[in-house]
């Protein structure tokens with residue numbers, strides 16, 4: 040296998056995740072340099088993740104006790120969605136991370152949700168059916184007091200800026216060269232490949248592959264290669280956010296029973312995130328400038344949080360969508376340069392990691408002599424990443440389509456004025472009919488990262504059920520009783536350690 044030189048353009052979480060994973064996976068077959076500007080601040084607002092991030096740390100042999108304290112990290116068992124629905128018994132629901140502990144009670148949930156689709160009056164709110172919902176509410180960690188034969192799926196909350204700094208320290212130990220300078224020009228080969236990037240110090244930096252982690256500006260993928268951007272604005276209209284950090288009363292002491300969940304609460308013209316870290320809360324309001332301005336959004340967020348004007352706020356613009364190609368010529372776009380979907384399901388770093396993994400496979404293939412199939416490899420790579428982005432868009436879109444709020448034009452338009460892809464429309468029609476939803480979801484999984492459990496939790500959690508009785512839905516007339524499910528979950532929670540106890544041991 041040949042040896043290649045890779046330049047990662049841009050730091051932050053995406054840049055350092057790229058540098059570290061590529062150094063690990065490509066090993067001696069690659070020299071990696073990370074180039075970042077000392078003058079461009081890292082956006083670093085995203086503080087929530089999906090369970091996929093655990094694989095990143097495992098591949099790099101980074102233990103929780105090593106990185107979590109350095110990044111003010113806490114555990115995340117799922118996401119709670121208050122106030123998206125106004126329907127009785129469905130004003131809030133929990134999106135869990137499904138685990139082997141949920142296998143039996145999960146089937147009770149799926150069964151009762153289908154009973155509810157058939158018009159049978161039964162509680163189908165996912166809040167009651169999954170262990171992690173109980174853990175999250177009680178501030179319990181996903182770590183059991185006694186070893187289990189399996190590991191629960193869980194994720195983390197952390198300070199993204201601190202994580203970038205931590206990964207930088209690991210990267211330099213792994214042999215990643217770190218260079219700070221501003222890139223003012225780009226040289227290209229006749230075939231369109233990037234030949235070199237030129238620094239403001241006059242240095243010419245050459246590489247075989249360039250990883251564009253330069254953020255929304257897309258210094259290589261957009262400004263140089265002019266790869267088109269496919270906007271999601273017709274389906275996801277939010278284009279701005281305001282973020283406010285609120286310290287705990289005693290930042291040096293973790294509050295008792297700090298929840299192990301993200302809260303994504305609907306407000307009048309968008310939604311608010313609340314993310315617990317060890318020293319503060321990360322809060323923010325995602326909204327559309329078509330419905331309110333910065334000042335109005337900030338005021339609405341401050342009112343919801345009950346905080347004074349003395350605590351500073353940070354305003355952000357969001358460019359929602361993706362590149363039509365994430366790999367063109369010898370450039371891979373990763374992070375905000377490749378695309379962005381609003382953070383409702385905390386998918387940003389999952390998309391980053393997913394792209395890095397596939398980029399490593401592609402580069403290894405090229406170094407191994409697969410040059411003859413280069414065009415096919417690029418097409419497959421771009422189709423795969425686009426399917427992932429579009430699948431995330433679709434799942435988030437359904438949150439808006441199924442809301443039942445009537446208190447603002449924003450929410451009315453979210454139900455009625457958004458572009459709905461045919462596959463999403465068909466999925467919703469199947470759910471509202473007497474058709475086999477599991478068969479439809481099995482087909483949909485081919486291009487979507489979201490599982491059967493996630494789709495059931497979203498649709499049932501929002502209280503979306505047929506208005507007329509569909510008695511022909513194939514379910515048993517015998518509903519699954521809720522009391523044994525609740526008792527099982529309550530018994531399970533007794534065996535899990537409090538979050539503050541686990542973190543105190545780090």
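In our numbering, the protein residues as written are 40 to 545.
All C-beta atoms in this analysis are idealised placements derived from N, C-alpha and C, irrespective of residue type, glycine included.
Own chain partners of residue 76 with C-beta closer than 6 Å, once the 5 adjacent residues on each side are dropped: 221
Rounded C-alpha distance that separates residue 545 from residue 116: 19 Å
When 79, 94, 81 are compared against residue 59, the one with the closest alpha-carbon: 94
Identity of the residue in 413, 315, 355, 349 nearest residue 325 by Cα: Of the candidates 413, 315, 355, 349, the one whose C-alpha sits nearest the C-alpha of residue 325 is 355.
Simplified DSSP state of residue 151, which is helix, strand or coil: helix
Proximity of residue 373 and residue 57 at Cβ, strictly below 8 Å: yes
Beta-carbon separation (whole angstroms), residue 520 vs residue 156, contact threshold 8 Å: Their Cβ separation, rounded to whole angstroms, is 18 Å, which puts residue 520 and residue 156 out of contact at 8 Å.
Beta-carbon proximity list for residue 534, same chain, < 6 Å, skipping 5 on both sides: 183, 184
Three-way DSSP call (helix, strand, coil) for residue 472 in this model: coil
contact_flag[the segment 440 to 457, the segment 378 to 394] where n(CB pairs < 8 Å) is 3 or more: No contact exists between the segment 440 to 457 and the segment 378 to 394.
Reduced DSSP secondary structure (H/G/I, E/B, other) of residue 355: strand
Per-residue DSSP class, three states only, for residue 135: strand
Test item: CB-CB of residue 301 and residue 312 under 8 Å: Residue 301 places its beta carbon less than 8 Å from that of residue 312.
Which of helix, strand or coil DSSP assigns to residue 143: helix
Whether residue 436 touches residue 466 by CB criterion (8 Å): no
With 16 other Cβ atoms within 10 Å as the buried cut-off, status of residue 336: buried
Nearest to residue 283 (by Cα), restricted to the options 351, 125, 289, 227: 351
Residues near residue 162 in its chain [Cβ-Cβ closer than 8 Å; skip 5 each side]: Cβ-Cβ distances below 8 Å link residue 162 to 128, 151, 521 in the same chain, with the five nearest sequence neighbours on each side left out; the list follows chain order.
Reduced DSSP category for residue 296 - H, G, I as helix; E, B as strand; rest coil: coil
In DSSP terms, what residue 45 is bridged to: 71, 248
Candidates 74, 399, 123, of which the one nearest residue 9 by Cα: The structure shown does not extend to residue 9, since the chain is modelled only from 40 through 545, so no value can be given for it.
Buried or exposed by the 16-neighbour rule on C-beta atoms within 10 Å, applied to residue 353: Taking all protein chains in view, the Cβ of residue 353 is surrounded by fewer than 16 other Cβ atoms within 10 Å, so the residue is classified as exposed.
Residues bridged to residue 224 [DSSP beta-bridge criterion]: 237
Segment limits, alpha helix (DSSP H) that includes residue 491: Residue 491 -> alpha helix (DSSP H) spans 491 to 500.
Rounded separation between residue 131 and residue 402 - CA only: 45 Å
Host beta strand (DSSP E) of residue 121 (start-end): 117 to 121
At least 3 beta-carbon pairs within less than 8 Å: the segment 119 to 126 vs the segment 483 to 495: no
Residues that DSSP places opposite residue 280 in a beta bridge: 325, 355
CB of residue 518 within 8 Å of CB of residue 154, strictly: yes
Residue 232 and residue 322 closer than 8 Å at C-beta: no
Which listed residue (51, 423, 255, 171) has its alpha carbon closest to that of residue 208: 51
N- and C-terminal bounds of the alpha helix (DSSP H) containing residue 172: 170 to 176
Length-filtered (3 minimum) beta strand (DSSP E) runs lying within the segment 419 to 459: none
Environment of residue 476 [buried if 16+ CB atoms lie within 10 Å]: A buried status is given to residue 476, since no fewer than 16 other beta-carbon atoms sit within 10 Å of its beta-carbon.
Three-state class that DSSP yields for residue 313 in the structure shown: strand
Exposure label - residue 347; buried when at least 16 CB within 10 Å: exposed
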